[in-house]
Each structure stands twice: as structure tokens, then as C-alpha cells.
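Protein chains: 2
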Amino acid sequence: MKIAVDAMGGDFAPEKIVKGAAKAARRFGCEIVLVGDEEKIKRILTKENRQNDKQIQIVNTTQIIQMNEHPAEAVRSKKDASVVVATRLVKEGECDAVLSAGSTGAAVTAAQLILRRIKGIARPTIATPIPTREGVTLLLDSGANVDSKPEHLVQSAVMGSIYSELVFGVRKPRVGLLNIGEEDTKGNEQAQLTYPLLRDNPSINFTGNAEGRDIPKGDFDVVVCDGFVGNVVLKFAEGLAKVLFRMVKDAIKNGGLLARLGALLIVPPLRKLGKRLDVSEYGGAPLLGVNGCVIISHGSSNEKAICNAIGVANEFVKNNVLQRISDTLAKEEVAEQ
Amino acid sequence: MKIAVDAMGGDFAPEKIVKGAAKAARRFGCEIVLVGDEEKIKRILTKENRQNDKQIQIVNTTQIIQMNEHPAEAVRSKKDASVVVATRLVKEGECDAVLSAGSTGAAVTAAQLILRRIKGIARPTIATPIPTREGVTLLLDSGANVDSKPEHLVQSAVMGSIYSELVFGVRKPRVGLLNIGEEDTKGNEQAQLTYPLLRDNPSINFTGNAEGRDIPKGDFDVVVCDGFVGNVVLKFAEGLAKVLFRMVKDAIKNGGLLARLGALLIVPPLRKLGKRLDVSEYGGAPLLGVNGCVIISHGSSNEKAICNAIGVANEFVKNNVLQRISDTLAKEEVAEQ
Chain C
1 MKIAVDAMGG DFAPEKIVKG AAKAARRFGC EIVLVGDEEK IKRILTKENR
51 QNDKQIQIVN TTQIIQMNEH PAEAVRSKKD ASVVVATRLV KEGECDAVLS
101 AGSTGAAVTA AQLILRRIKG IARPTIATPI PTREGVTLLL DSGANVDSKP
151 EHLVQSAVMG SIYSELVFGV RKPRVGLLNI GEEDTKGNEQ AQLTYPLLRD
201 NPSINFTGNA EGRDIPKGDF DVVVCDGFVG NVVLKFAEGL AKVLFRMVKD
251 AIKNGGLLAR LGALLIVPPL RKLGKRLDVS EYGGAPLLGV NGCVIISHGS
301 SNEKAICNAI GVANEFVKNN VLQRISDTLA KEEVAEQ
Chain B
1001 MKIAVDAMGG DFAPEKIVKG AAKAARRFGC EIVLVGDEEK IKRILTKENR
1051 QNDKQIQIVN TTQIIQMNEH PAEAVRSKKD ASVVVATRLV KEGECDAVLS
1101 AGSTGAAVTA AQLILRRIKG IARPTIATPI PTREGVTLLL DSGANVDSKP
1151 EHLVQSAVMG SIYSELVFGV RKPRVGLLNI GEEDTKGNEQ AQLTYPLLRD
1201 NPSINFTGNA EGRDIPKGDF DVVVCDGFVG NVVLKFAEGL AKVLFRMVKD
1251 AIKNGGLLAR LGALLIVPPL RKLGKRLDVS EYGGAPLLGV NGCVIISHGS
1301 SNEKAICNAI GVANEFVKNN VLQRISDTLA KEEVAEQ
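Residue numbers (the working numbering), protein chains in the order written: chain C, 1 to 337; chain B, 1001 to 1337.
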């Protein structure tokens, strides 16, 4: 197993990326190819005493795609950008997977242009795991495409189900369509057109519309929606969790000595819960629908998140997710003929 | 001030609705017209010892619109439904406002058909207040219309700004467009077409795109979006808050005696915070864009929520929100000619 890591993408790149990748090499026993500014990467590895680690290689690149650049233009013009070169390593069979915490648009575009879409897939889709009351719900698309067509949502459902089954071990994942009501007549045009397609698709276990509140409750294993909606919901959740945490902290701080003592006493049980809800535990979201394993990490990823994201890449490859997606799509195509 | 209350709408109707309304009559000194099953309403009022209260009247109706009915069909066919009759009381000048916690679709449709839209408004919009870190953000549309056109979002922005200013006392409310990135080129087709219209509108203080995470942070006073997206986000927040609360409670319960003691100690400061975050404190969301004050309450509204929603109706009427919306739209029309 060999994972290409875009060492220059992310708010804390290259330091946290390199450190997280080095950690993952040990934990998962995989090889890592760090793609980016060789000098900077070497300096960090030396600090970590990993400069002679045979599991870690470096591929030097001279360009970086910034967050505010137009993804397609940047990927086309910056041939030596870290994310472009890292993706190419997968295309050339040098690596089994690529990971980036940089511009999501750039990573998605590089994957589409270099790895190409799987036959039968019109749009790749980002599948983000959301911790719920009892487990994890996969939300897709969470930002690869906006203005999705109904058939894109159906493909998301098929790929998300396969991923949920192979990687999370869910048998017959319950698939929901994100909508504003339970009834099949509810929703905007997109949702109304998508509903019957999901209902009639034999490859998935469609269990109806999912309202916003059903996601955290964990009533569905896979929830499909347009990339615009998915992205808004995810970022909202992120902001809400942060603000709530801060508000509780402030309230306790201003609540006097007893409140502060009380907070200390509840820290141990809450720590375990916090760990389960911590998104960096999940590390990264796979981009499904391209010919290769591409893991997208949050821009604010720390060491732990990067390490765990490499774990996600490992699971993806080990479980043959790609093969299973291609096989299922081929079967659907035969059935349609 | 006289408020028509749909006594039969909501999960806890008519009991909690009647009790909440009776409470509001005292607290706000307004008159209440309870619309619904007279016998049932009377029984509740008697239990509350308010059967002879001159501030409270009853208008008997024989029909109810259920949550799963098609709104337009139901409003047209059930002429004696509580929400229809209550809305008609506003149309006829009998009441200053109408409040319903029943089917949102039915309340919106009744308002459109009976009260009609304000001149210049293509679609009415629900403005839901969301508690944020430091105050309140108004999210609209939160479910009146799906598949909104850019001009609908602009009208939402204009009406939301007026409401924020008049009712929440915000000077020059900061208006944001809910989107998946900060840059003006980001988003789906709807967002990209809406951005320049908001930027160039002289009646509002447009401050750019709002990402999902910016809502809880409180960086905007008014955030506009499609009703599909708004509804999903609101219900998601509701579900997330509930599940988080339950998870924390479970963790503490299973954390042993010390954790339980700790929880007791932090209750006082958290109670104050909980009150600020409690949606029933806000009670109801106004439907903006029709010729009358229409307040939509959550289906699960309790006594407190209904009482506070009547407070919202009071503020709406006292502050002449309708007049100001009409005036602003008339001015915009003149400017365009």
C-alpha cells in the first residue's frame, strides 16, 4: 500500500500534513509519498527524526494551488502543483491512493481530468461521514457538484451504499433522499424527480425521504442530496458545534467556582463522547466515481486528521471499493439493455 | 391589538395552544380570538379559570387541515377549517394578525389565497430567527417556497432587512447570501445569478456570501436562501441540537456519581444559556410578503412557544412592518421606471 499525500494543501501545510502522514506510515504500515516542497518537507521529517525512514519518500514540486484559485484553470496551468503531481502518481500506478487537504475544487478537478470518471458515472461525488447518535451517516454529495441532476443523485446513492457496506460494514444500508418532508410528493423539482428513480433502483435499499433532523438521529446510513445543499449543511453543522461548545465554555467560566468544579467532574465521560463526535477522527471523505482512490480532507486538518485520512485510504483500497462500483454499474447497464 | 389563533393546529392542539394564547392575553394585554372547536376550547379555558375572560373570544369551526393534506386543495375545499377562518378574520379587519402551529403549507396557502401578496412581491417567505453566538440571525426563506428564483431571494433580503431593523432593532442589517464559498463566483446557478442583484440593490446592506458556518457565528443579521435549503438547514439544526443534548446526558448518566454531581453544579449557568438557545423563546416566524401579519409556529409548539409567538405578532403589528415593506417596494418600483 502506497499513498500519495499532497503535502502543500491545507491550512497547516506542510507541517501537520507531513507529521500526520509520518504517523500513519507507522500506524498502518503503509508507504507514503509526500508531494511538495522537498526542502521544507525534509526539514519537518528531520525534526521528527524520520529523515531516513524507508517508508517515506518525497517527490519535489514547485507549484501550489491556492484556495481562491479557479480549480479548472489552476489544475490545467500548474502542471507541477503538488495536488496535480500527487494525483498523477495514482494514474501512473505509482501509488494506490491520493490525499489532499487543499482546495477541494482543485482536488476534484485534478481527479476528474487525470484519473477520469468510472464508466457510467456522470459526476463524482464526495461522501462525508457524519457521526450520529448511534453510528455514522454518509452524506453525499457534500460539495463536489452543485446543480446535480436526478441521475447524479441516484449514482451517489449507489456508490454511497457500496462504500457504507464495504468500509463501514453496514448490511443493506438504508438510503434516504434529503428532502423537506416525508411524503413522496414533497420537495423541489430535483427531489420530486429523484424520488421514483431511487425507489425503483434495484442496487440500493431506498427507505424514503430524509428530513434534516433525521441525519443526526441516525435513521439513515446514506443520505443523498445536491452538492450545494450538502456543503451548506456540513459547514453549518461544523459552525454550530463550534459555537455551542464555545458558548457552554463561556457560560461555565462565568458561572463561578462551583460551575468550574462541576465542569471538571464531567470532563472524563464527555471526553469519550467528544472523541466520537470529533470530525478529525474520520479524517477524510472519499471522492467516489473516479478511477482511483481520492481522499479529501478538511482544510483545517491537524496531524490526527491526516493520519486518520490515510487510514480511510487504506480501507478504501483494501476493500476494493472501486472494483465493486464498476461491477455494479456494469450490471445496471446490462439490466437496462 | 387582536390576534386570531388557529387553536386546532399543532402537535399539542388545542390544549397547549389555548393555554399559551390565554397566557399571552395577560402578558401582552392583547385580545385573542381562538378559532376552532368551541366545545373543546371552552373546556380548556374553564380548566384555566378563564372562561369569562373578556380578552378571549371563540370562533367555532368544524374542520381541521391535517399535516399530510395537500395544502392548496385542503385550503380550497375546507372553507371552515380553523386556519382558513382565522386568516379570514385578518382579511376582514376583525383581527390584526393570525397565528398557526398547524401545517405550514396550509397556513402559507391560506395567507396567499385570502390575504394576497403585497404588490411587488412574487413569493412570500418565512423568516426564522436563529439564535447565534451574540444575537439572532434571520434565515429566510425557511420553507415557504422551493425552487426560488433570484428575484425571490432579493425580495426576501429586502423584507428580512426591514424586519430585522424594525423588530430586532438592528441598524443596517448585514445581509448574506447562503453559499458554498466566500468568492462571488461560487455557488450553484441560483446563487451566481442572485449575487449581483443583491450587491446592486440600494435598499439593503449586502455584505457578501454567507457559508453554512457563518450562521451560528452570527456574522450576518439576515441570510437569504432557497426555501428547500433553508428548511433542510433548520431541521438539521433542530435534530443536531436534540441529539447532542441527549448524547451529553447519556454520557454523564453513564459516567458515575462524580460526573452526575458535576452536571448538577453546571446546571445554573447552563440554564441561562439554554434559555437563550431555546427556540420556543422565539415562538414563531413571520410570513413576509402577504397583506397581513401571519405568524408560523413550529408544530411541536408548547404553551410558552405559543405565548411568545403572540408576542412576535404584537411586535410585527406595532412596528408597522407591513407598511414599511409596501413603501420600500413602491420606492424600488419608482426607481426602476
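Beta carbons are placed, not taken as given, at the ideal position from N, Cα and C, and that holds for glycine.
Requested in this report: Count the CB pairs spanning the stretch 56 to 68 of chain C and the stretch 12 to 32 of chain C that are closer than 8 Å, and state whether there are at least three.
Outcome: yes
Query raised in the report: For Ala1210/B, which residues does DSSP report across the bridge?
Result: Mapped onto the second sequence, residue 1210/B falls at position 210. Its beta-bridge partners are Leu1178/B.
Query raised in the report: Helix, strand or coil: how does DSSP classify Ile41/C here?
Result: Residue mapping note: residue 41/C aligns to position 41 of the first sequence, counting from 1. Ile41/C: helix per DSSP, three-state reduction.
Query raised in the report: CA-CA distance, Leu1288/B and Ser1203/B?
Result: Here residue 1288/B refers to the residue found at position 288 of the second sequence. Here residue 1203/B refers to the residue found at position 203 of the second sequence. Taking the straight line joining both Cα atoms gives about 16 Å.
Query raised in the report: Do Ser82/C and Gly20/C have their C-beta atoms closer together than 9 Å?
Result: The sequence position of residue 82/C within the first sequence is 82, counting from 1. The sequence position of residue 20/C within the first sequence is 20, counting from 1. Against a cut-off of 9 Å, the Cβ pair of Gly20/C and Ser82/C comes out as no contact.
Requested in this report: Look at the alpha carbon of Thr1328/B and the alpha carbon of Asn1209/B, and state the distance between them as a whole number of angstroms.
Outcome: Here residue 1328/B corresponds to residue number 328 of the second sequence, with the count starting at 1. Here residue 1209/B corresponds to residue number 209 of the second sequence, with the count starting at 1. Computed Cα separation, rounded: 24 Å.
Report task. Look at the Cβ atom of Ala74/C, then the Cβ atom of Val35/C, and state whether they are nearer than 9 Å. Result -> Residue 74/C sits at position 74 when you count from the first residue of the first sequence. Residue 35/C sits at position 35 when you count from the first residue of the first sequence. No, the Cβ-Cβ distance between Ala74/C and Val35/C is not below 9 Å.
Report task. Leaving out five residues on either side along the sequence, give the residues of the same chain with a beta carbon under 6 Å from the beta carbon of Lys1038/B. Result -> As a working mapping, residue 1038/B is identified with position 38 in the second sequence. Note that residue 1038/B is Glu in the sequence shown, not Lys. So the qualifying residues of the chain are Ile1058 and Asn1060.
Query - C-beta atoms of Gly1274/B and Ala1305/B nearer than 9 Å - result: Reading the second sequence from its first residue, position 274 is the one you call residue 1274/B. Reading the second sequence from its first residue, position 305 is the one you call residue 1305/B. Contact flag unset, no.
Query raised in the report: Using the C-alpha atoms, what's the distance from Val243/C back to Ala191/C?
Result: The residue you call residue 191/C lines up with position 191 of the first sequence. The residue you call residue 243/C lines up with position 243 of the first sequence. Ala191/C and Val243/C: Cα-Cα distance of roughly 31 Å.
Query raised in the report: Unbroken alpha helix (DSSP H) runs of length 4 or more, entirely within the stretch 205 to 275 of chain C: which are they?
Result: 214 to 217 and 227 to 253
Query raised in the report: Does Ala127/C come within less than 9 Å of chain B when only Cβ atoms are used?
Result: Your numbering for residue 127/C matches position 127 in the first sequence. It does not; no Cβ of chain B falls within 9 Å.
Query raised in the report: Val1223/B versus chain C: which residues are under 7 Å apart at the beta carbon?
Result: Taking the first residue of the second sequence as 1, we reach residue 1223/B at position 223. In chain order: nothing, as chain C lies at least about 10 Å away.
Report task. Would you mind working out which of Glu31/C, Asp219/C, Ile180/C and Ile3/C sits nearest Val90/C, comparing C-alpha positions? Result -> Numbered from 1 along the first sequence, position 90 holds the residue referred to as residue 90/C. Of the listed residues, the one whose Cα sits closest to Val90/C is Ile3/C.
Report task. Could you please tell me which residues of the stretch 1279 to 1297 of chain B, in chain order, have their CB closer than 7 Å to any CB of chain C? Result -> none
Query raised in the report: Which value, in whole angstroms, describes the spacing of the CA atoms of Lys346/C and Ile1252/B?
Result: This structure gives no information on residue 346/C, because the portion of chain C shown stretches from 1 to 337.
**Report entry** Cβ neighbour criterion (16 or more within 10 Å) applied to Gln51/C
**Finding:** Locating residue 51/C in the first sequence gives position 51, counting from the first residue. Exposed, because fewer than 16 other Cβ atoms sit within 10 Å of the Cβ of Gln51/C.
Query raised in the report: Based on Cα-Cα distance, which residue from Ile32/C, Leu140/C and Pro268/C lies nearest to Lys54/C?
Result: The sequence position of residue 54/C within the first sequence is 54, counting from 1. Closest option to Lys54/C, Cα to Cα, is Ile32/C.
Query raised in the report: Which runs of the beta strand (DSSP E) fall wholly inside the stretch 1102 to 1177 of chain B and span at least 3 residues, in chain order?
Result: 1128 to 1131 and 1136 to 1140
Report task. Starting from Cys307/C, follow the alpha helix (DSSP H) in both directions and report where the run begins and ends. Result -> Here residue 307/C is taken as the residue at index 307 of the first sequence, counted from 1. Cys307/C -> alpha helix (DSSP H) spans Glu303 to Lys318.
Report task. Output yes or no for whether 9 Å exceeds the beta carbon distance between Ile325/C and Val154/C. Result -> Here residue 325/C refers to the residue found at position 325 when the first sequence is read from its first residue. Here residue 154/C refers to the residue found at position 154 when the first sequence is read from its first residue. No, they are not a contact pair.
Report task. For the stretch 68 to 102 of chain C, list the alpha helix (DSSP H) runs that are entirely contained and at least 4 residues long, ordered along the chain. Result -> 71 to 77 and 82 to 91
Report task. Report the rounded CA-to-CA distance for Phe338/C versus Arg1213/B, giving the unit in angstroms. Result -> This structure cannot settle anything about residue 338/C, because the visible part of chain C is limited to 1 through 337.
Requested in this report: Determine the burial state of Thr46/C: buried for a count of at least 16 other Cβ atoms within 10 Å of its Cβ, exposed for fewer.
Outcome: Along the first sequence, read from residue 1 onward, the residue named residue 46/C stands at position 46. Exposed, by the Cβ-count rule.
Query raised in the report: Hey, how far is the Cα of Ile1187/B from the Cα of Val1170/B?
Result: Position 187 of the second sequence, counted from the first residue, corresponds to residue 1187/B. Position 170 of the second sequence, counted from the first residue, corresponds to residue 1170/B. Per the sequence shown, the amino acid found at residue 1187/B is Gly instead of Ile. Gly1187/B and Val1170/B: Cα-Cα distance of roughly 28 Å.
Query raised in the report: Using a beta-carbon distance cut-off of less than 9 Å, what residues from the stretch 1201 to 1216 of chain B approach chain C?
Result: Glu1211, Gly1212, Arg1213, Asp1214, Ile1215 and Pro1216
Query raised in the report: Below 8 Å, can you find three or more Cβ-Cβ pairs linking the stretch 1093 to 1107 of chain B to the stretch 1312 to 1320 of chain B?
Result: yes
Requested in this report: Spatial neighbours of Ala241/C within its chain, please: CB distance less than 8 Å, with the 5 preceding and 5 following residues excluded, ordered by chain position.
Outcome: Residue 241/C sits at position 241 when you count from the first residue of the first sequence. If we look at Ala241/C and ignore the five residues flanking it on each side, its Cβ neighbours are Leu277.
Query raised in the report: Does Asn319/C have its Cβ less than 9 Å from a Cβ in chain B?
Result: Here the question's residue 319/C lines up with position 319 in the first sequence. Judged by the 9 Å Cβ criterion, Asn319/C is not in contact with chain B.
Requested in this report: Check the Cβ-Cβ distances between Thr1109/B and every residue of chain C, and say whether any is below 9 Å.
Outcome: Taking the second sequence and counting its residues from 1, the one referred to as residue 1109/B is at position 109. So no, Thr1109/B is outside the interface.
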